[in-house]
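Novice: Count the sequence shown with the numbering used here and you get residues 1 to 87, in order. Idealized CB from N, CA, C, for every residue including glycine. So that we are looking at the same thing, I have put the structure below in structure tokens.
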Amino acid sequence: MMVRKRTRLAIMLSVIVLVPYYAFMMITAFSPELLSRPLAAGAVMTVGWPLATIMIVGAWMTTGVYILRANGEFDALNKEILEEASK
């Protein structure tokens, strides 16, 4: 049960990170003009920079979610399994 929960969480978080990442790479490869538009008239920063930053921060946040779950719920389940096995 614990392996299934942990695997499901890891797959879900991986999809949350990888789908936007690969979409960004595909846009960069096939339609770079979308990401090279300036944020505002006369602005130096393009649309691609904030999107890339959001993706990086999102990856860090999903890693944090996994760590919180691993240190909380999964460690508690692991402790229960070890206690039952030692009886």
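Taking DSSP's pairing of strands, which residues face T63 in a bridge?
Specialist: DSSP, once it has assigned bridges, lists no residue as partnering T63.
Novice: How many angstroms separate the CA atom of E84 from the CA atom of G64?
Specialist: Each residue's Cα considered, the two are about 29 Å apart.
Novice: Measuring alpha carbon to alpha carbon, tell me which residue in T46, L77, A43, K87 is nearest R4.
Specialist: L77
Novice: For the alpha helix (DSSP H) that M45 lies in, which residues bound it at each end?
Specialist: The continuous stretches of alpha helix (DSSP H) do not include M45, and DSSP gives it neither H nor E.
Novice: Taking Cβ positions only, does M25 come closer than 7 Å to chain B?
Specialist: Absence of chain B from the displayed structure is noted, only one protein chain being present.
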